[in-house]
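Trainee:
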Amino acid sequence: MAKRQRVYPPRSNRFQDKVAIVTGAAGNFGAVCARMLAAEGAKLALLDLVEDKLQAVATEVRESYGVQVKAFTLDVTKEADVEKAVAEVKKEFGRIDCLFNNAGYQGLFAPVDDYSVEDFEKVLKINVTGVFSMLKYVSKVMIDQKGGSIVNTASCAGLGCPTAMPAYGTSKAAVLHLTKISALDLAPSNVRVNSVSPAFIGPEDGFMWRRQVELQAQANPTHAPERYYSNNPDEVSKQMLESVPLRRLGTPEEVVQAVMFLLSEDSSYITGTDINISGGNVLGGSRG
Ligand SMILES: NC(=O)c1ccc[n+]([C@@H]2O[C@H](COP(=O)([O-])OP(=O)(O)OC[C@H]3O[C@@H](n4cnc5c(N)ncnc54)[C@H](O)[C@@H]3O)[C@@H](O)[C@H]2O)c1
Numbered sequence: 001m002a003k004r005q006r007v008y009p010p011r012s013n014r015f016q017d018k019v020a021i022v023t024g025a026a027g028n029f030g031a032v033c034a035r036m037l038a039a040e041g042a043k044l045a046l047l048d049l050v051e052d053k054l055q056a057v058a059t060e061v062r063e064s065y066g067v068q069v070k071a072f073t074l075d076v077t078k079e080a081d082v083e084k085a086v087a088e089v090k091k092e093f094g095r096i097d098c099l100f101n102n103a104g105y106q107g108l109f110a111p112v113d114d115y116s117v118e119d120f121e122k123v124l125k126i127n128v129t130g131v132f133s134m135l136k137y138v139s140k141v142m143i144d145q146k147g148g149s150i151v152n153t154a155s156c157a158g159l160g161c162p163t164a165m166p167a168y169g170t171s172k173a174a175v176l177h178l179t180k181i182s183a184l185d186l187a188p189s190n191v192r193v194n195s196v197s198p199a200f201i202g203p204e205d206g207f208m209w210r211r212q213v214e215l216q217a218q219a220n221p222t223h224a225p226e227r228y229y230s231n232n233p234d235e236v237s238k239q240m241l242e243s244v245p246l247r248r249l250g251t252p253e254e255v256v257q258a259v260m261f262l263l264s265e266d267s268s269y270i271t272g273t274d275i276n277i278s279g280g281n282v283l284g285g286s287r288g
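Everything in the sequence shown is counted per the UniProt record's numbering, starting at 1 for the first residue and increasing by one.
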């Protein structure tokens, strides 16, 4: 039986009658964002590759919040899928006010000399080309409307340089740069583009956190913890948390609150910027 999901009470109605697209809507951040946008009155187009999970999220959000929700299955790496989905959203809802451009893939964990070219290409295709294609087709609609807000999901892996993540870190650095260039290109049409960079996000028993802890522990070829993460997963968890000044994992809700701010008119004079949601992880914390 599906786990009963928390129903967020409305905090305000910043998105009343707005139309929002969320990509990666079957996943962790995407589903939370769909719920929070619905709680504030948005009409939703939910997009993802994984049909059954996507339909489950769409049904749950529609029933919990009573807003218009439509699911679109697509592969963001396929330009024809993206073009078709965006045209269908426009036809169904009449406009597109917000895009949470969030579908992504973390890739493998291996040092650069051992990293598969095939997986490198896959990571770049999903995280960069996919984000770009969504930006391209949604921005055409927003330009015609003379307004809109786009938030791309980058990562602290694109701000810092995590070992054994050459593909993911590179892809997210590209998302940060693409955000800035798009912000300049789209500013004349009053379309804002920003990004968020989460770091270590829970829950502690969640798939993403466990996966990165376990795979980082396997990725150290030197068996010395100084240069890479330790080979012991418990030790890796400790090392990761010790790099966070607030000394805890973030929650998906804490990530999405920043996304909601950037998507809404609360940030009407902000474009081309990135908010890192990392508990201070990006500060470095050198005591030297
Ligand atoms: N969870 C974290 O700790 C963390 C930290 C930093 C950045 N991020 C980024 O946040 C975003 C969301 O991550 P999440 O934690 O919700 O992960 P997740 O794996 O739960 O969700 C990602 C979703 O993207 C979808 N997706 C993947 N490839 C796709 C494709 N080709 N076409 C359409 N959909 C596709 C997946 O099906 C999945 O539902 C990603 O871009 C990720 O890189 C996550």
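Glycine included, every Cβ here is placed at the ideal spot set by N, Cα and C.
Helix, strand or coil: which one does DSSP assign to residue 96?
Mentor: Within the sequence shown, numbered from 1, the residue matching residue 96 stands at position 96. In the structure shown, residue 96 sits in coil (DSSP, three-state: anything other than H, G, I, E or B).
Trainee: Applying the criterion that 16 or more other CB atoms from any shown protein chain within 10 Å of the CB defines a buried residue, is residue 155 buried or exposed?
Mentor: By 1-based counting over the sequence shown, the position of residue 155 is 155. It counts as buried.
Trainee: Which value, in whole angstroms, describes the spacing of the CA atoms of residue 280 and residue 244?
Mentor: Here residue 280 refers to the residue found at position 280 when the sequence shown is read from its first residue. Here residue 244 refers to the residue found at position 244 when the sequence shown is read from its first residue. Approximately 6 Å, taken between the alpha carbons.
Trainee: If we count Cβ pairs, one from each stretch, closer than 8 Å, do we get three or more for the region 79-87 versus the region 183-197?
Mentor: Output reads no: the region 183-197 does not touch the region 79-87.
Trainee: Ends of the beta strand (DSSP E) at residue 234?
Mentor: Mapped onto the sequence shown, residue 234 falls at position 234. Counting along the chain, residue 234 falls outside any beta strand (DSSP E), though it belongs to the alpha helix (DSSP H) covering 233-242.
Trainee: I'd like to check one pair, residue 31 with residue 292: are the Cβ atoms closer than 7 Å?
Mentor: Nothing can be reported for residue 292, as the shown portion of the chain is limited to 1 through 288.
Trainee: Looking only at its chain, what residues have a beta carbon closer than 6 Å to the beta carbon of residue 166, apart from the 5 residues adjacent to it on each side?
Mentor: Indexing the sequence shown from 1 puts residue 166 at position 166. Correct list, in chain order: 112 and 115.
Trainee: Looking at residue 158: is its Cβ nearer than 7 Å to the Cβ of residue 201?
Mentor: Start at 1 with the first residue of the sequence shown, and residue 158 comes out as number 158. Start at 1 with the first residue of the sequence shown, and residue 201 comes out as number 201. Contact flag unset, no.
Trainee: Compute every distance between the C-beta of residue 208 and the non-hydrogen atoms of ligand 1, then say whether any falls below 6 Å.
Mentor: The sequence position of residue 208 within the sequence shown is 208, counting from 1. Checking the Cβ of residue 208 against ligand 1 gives yes.
Trainee: I'd like to check one pair, residue 262 with residue 98: are the Cβ atoms closer than 7 Å?
Mentor: Here residue 98 corresponds to residue number 98 of the sequence shown, with the count starting at 1. Here residue 262 corresponds to residue number 262 of the sequence shown, with the count starting at 1. No. Outside cutoff.
Trainee: Distance check for residue 28 and residue 135, CA to CA, integer angstroms please.
Mentor: Taking the first residue of the sequence shown as position 1, residue 135 is located at position 135. Taking the first residue of the sequence shown as position 1, residue 28 is located at position 28. Going by the C-alpha atoms only, they are around 21 Å apart.
Trainee: For residue 198, is the beta carbon positioned less than 6 Å from some heavy atom of ligand 1?
Mentor: Against the sequence shown, residue 198 aligns to sequence position 198. Yes, Cβ of residue 198 sits closer than 6 Å to a heavy atom of ligand 1.
Trainee: State whether the region 58-68 contacts the region 116-124, with contact taken as three or more CB pairs (one from each stretch) at a distance under 8 Å.
Mentor: No, the region 58-68 is not in contact with the region 116-124.
Trainee: Please classify residue 283 as buried or exposed, where buried requires at least 16 other C-beta atoms within 10 Å of its C-beta.
Mentor: In the sequence shown, counting from the first residue as 1, residue 283 sits at position 283. That one is exposed.
Trainee: Please determine whether the Cβ atom of residue 26 lies at a distance below 6 Å from any heavy atom of ligand 1.
Mentor: The count along the sequence shown starts at 1 and reaches residue 26 at position 26. Yes - ligand 1 has a heavy atom lying nearer than 6 Å to the Cβ of residue 26.
Trainee: When you measure from the CB of residue 85 to every non-hydrogen atom of ligand 1, does any distance come out below 6 Å?
Mentor: The residue labelled residue 85 in the question sits at position 85 within the sequence shown. Not under cutoff, so the answer is no.
Trainee: What beta strand (DSSP E) runs, 3 residues minimum, are completely inside the region 118-168?
Mentor: DSSP runs (the beta strand (DSSP E)) wholly in the region 118-168: 148-153.
Trainee: Using the C-alpha atoms, what's the distance from residue 185 back to residue 61?
Mentor: Numbered from 1 along the sequence shown, position 61 holds the residue referred to as residue 61. Numbered from 1 along the sequence shown, position 185 holds the residue referred to as residue 185. If you take the alpha carbons of residue 61 and residue 185, they lie about 34 Å apart.
Trainee: With distances taken between CB atoms, is the gap from residue 96 to residue 151 smaller than 7 Å?
Mentor: Position 96 of the sequence shown, counted from the start, is the residue given in the question as residue 96. Position 151 of the sequence shown, counted from the start, is the residue given in the question as residue 151. In this structure, residue 151 does not lie closer than 7 Å to residue 96 by Cβ.
Trainee: To which residues of the same chain is residue 233 closer than 7 Å at the C-beta, ignoring the five residues directly before and after it?
Mentor: On the sequence shown, position 233 is the one that residue 233 refers to. Cβ neighbours of residue 233 beyond the five flanking positions: 213, 214 and 217.
Trainee: Could you tell me if the beta carbon of residue 49 falls within a distance shorter than 6 Å of some heavy atom in ligand 1?
Mentor: Here residue 49 corresponds to residue number 49 of the sequence shown, with the count starting at 1. At least one heavy atom of ligand 1 is nearer than 6 Å to the Cβ of residue 49, so yes.
Trainee: Over the uninterrupted alpha helix (DSSP H) stretch that includes residue 252, give me the two end residues.
Mentor: One-based indexing of the sequence shown puts residue 252 at position 252. That run of the alpha helix (DSSP H) goes 252-263.
Trainee: Taking the alpha-carbon positions, what's the residue 164 to residue 256 distance?
Mentor: Here residue 164 corresponds to residue number 164 of the sequence shown, with the count starting at 1. Here residue 256 corresponds to residue number 256 of the sequence shown, with the count starting at 1. About 27 Å.
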